[in-house]
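Read through the structure below, which is laid out as structure tokens, and then see the notes.
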Amino acid sequence: MSGAAPNYQSTILRQHLEEIRFRILTMNTVNLERDRDLLAAIRDQARDLGDADLELYALNNYGLTYLVFGELERAYHEFTAGVERATAYANEARWLTFQLNQGVTRLMQRELSAARALLEGFLPRLKAASVNPENSARLYLTYAYLAITTADLYDYPAAESYARALIDRWETPEVLSIQPVRRVEMMSMARDAMTSVHIERQEFSHARGHANLMLGITVRQVYPLHTNAAYLALLRVSAFSASGHDAEADWRRLEQAIDPMIIARAPLLWRLATQGFLREAVLYRDKGLLTWARRCTEKAVEMLTAAGAEAHRQRAAAFLAELLNS
170 MSGAAPNYQS TILRQHLEEI RFRILTMNTV NLERDRDLLA AIRDQARDLG DADLELYALN
230 NYGLTYLVFG ELERAYHEFT AGVERATAYA NEARWLTFQL NQGVTRLMQR ELSAARALLE
290 GFLPRLKAAS VNPENSARLY LTYAYLAITT ADLYDYPAAE SYARALIDRW ETPEVLSIQP
350 VRRVEMMSMA RDAMTSVHIE RQEFSHARGH ANLMLGITVR QVYPLHTNAA YLALLRVSAF
410 SASGHDAEAD WRRLEQAIDP MIIARAPLLW RLATQGFLRE AVLYRDKGLL TWARRCTEKA
470 VEMLTAAGAE AHRQRAAAFL AELLNS
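So, in structure tokens, the structure goes:
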């Protein structure tokens, strides 16, 4: 009986961990302090039970609590510790997860070249890994994050290649085995990247088609983070297009979606501001659409003020000052 007890305990702990993880990923009824305490307790209990995989899984999710709430340096620290621990345990699968999350963190910090180097660095090992739902999720998330990273670096051939690696396999059993919340996340990024690819080619009908597909999958699944990213992509098409689409109407739709979240001080605000509006603002600045760059940055400052994300707000305000002086 004593040999079976740790396995039973690990199973119960893993179930609790999955519940917390789902709340974190969907940002649904998250109690940040409580959930971090629970994850730390699960990590410690897993170590006492000798369940190294569960310990690493708990450590990864502990890092995610910092990532999704904007404490990016702390998140990177936790994922780096995870890489070291996974190496010590010779756990390749968890090592790949920590490497992926390091790359995602660098992307969120807008350190795009560093993010690309990290993600491309472990991609060969990921492609060589055994095929199972977890490895499939890691692989196609990596393709999606590389698509968005290379698009933001204006390497459009690479962005199209990485986006197509997911889009062309969307209906395969391997991709269909991935959790729906992850599938929405990765397809949203792939369609976003393809929107930018076609804008660069001035193929605006194709760009709008990808943005509308992005909107369709996110609205259907009710994921506000990615729905608003789709609204931003549609605004991007209108802003660059001379086809008569009304960019002001796209902007009003964005405000109608965002303003209630500002009033409610929604936890998503910091991420929508930094990964959405500020990301668009940099693109508009670099492509010479300074009015849209300023408007997106002003909205980001408003959102970050409401969110109480002071460090992010200060960086956005400094960027806005640069734009106003340019």
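Under the numbering used here, the residue at position 124 of the sequence shown is numbered 293, and the numbers go up by one with no gaps. We put the CB at the ideal spot given by N, CA and C, even for glycine. Computed from a predicted model, the values in this text were never measured in an experiment.
Check: contact_flag[the segment 438-447, the segment 237-247] where n(CB pairs < 8 Å) is 3 or more; Outcome: yes
Check: Buried versus exposed, by CB contacts within 10 Å (16 or more), residue 206; Outcome: exposed
Check: Three-state secondary structure assigned by DSSP to residue 414; Outcome: coil
Check: For residue 489, the three-state DSSP class (helix, strand or coil); Outcome: helix
Check: Start-end ranges of the alpha helix (DSSP H) lying completely within the segment 330-405, minimum 4 residues; Outcome: 342-345, 349-369, 373-390
Check: Buried versus exposed call for residue 339 [16 or more other C-beta atoms within 10 Å across all chains shown]; Outcome: exposed
Check: Cβ shell of residue 376 (< 6 Å), same chain only, five flanking positions each side left out; Outcome: 364, 367, 368, 406
Check: Spatial distance of residue 492 from residue 208 (CA atoms); Outcome: 42 Å
Check: Residue 285 and residue 318 closer than 8 Å at C-beta; Outcome: yes
Check: Whole-angstrom distance between residue 249 and residue 219, CA atom to CA atom; Outcome: 21 Å
Check: Three CB pairs or more closer than 8 Å across the segment 321-333 and the segment 298-309; Outcome: no
Check: Cβ-Cβ distance between residue 315 and residue 288 below 8 Å; Outcome: yes
Check: Cα-Cα separation between residue 173 and residue 181, rounded to whole angstroms; Outcome: For residue 173, the predicted structure reports a pLDDT of 38, less than 50, and the residue's modelled location is therefore unreliable. A value from the coordinates is still provided. Roughly 13 Å between the two C-alpha positions.
Check: Beta-carbon proximity of residue 361 to residue 402, cut-off 8 Å; Outcome: yes
Check: Residue 471 in three-state terms, based on DSSP; Outcome: helix
Check: Check whether residue 452 and residue 470 have beta carbons under 8 Å apart; Outcome: no
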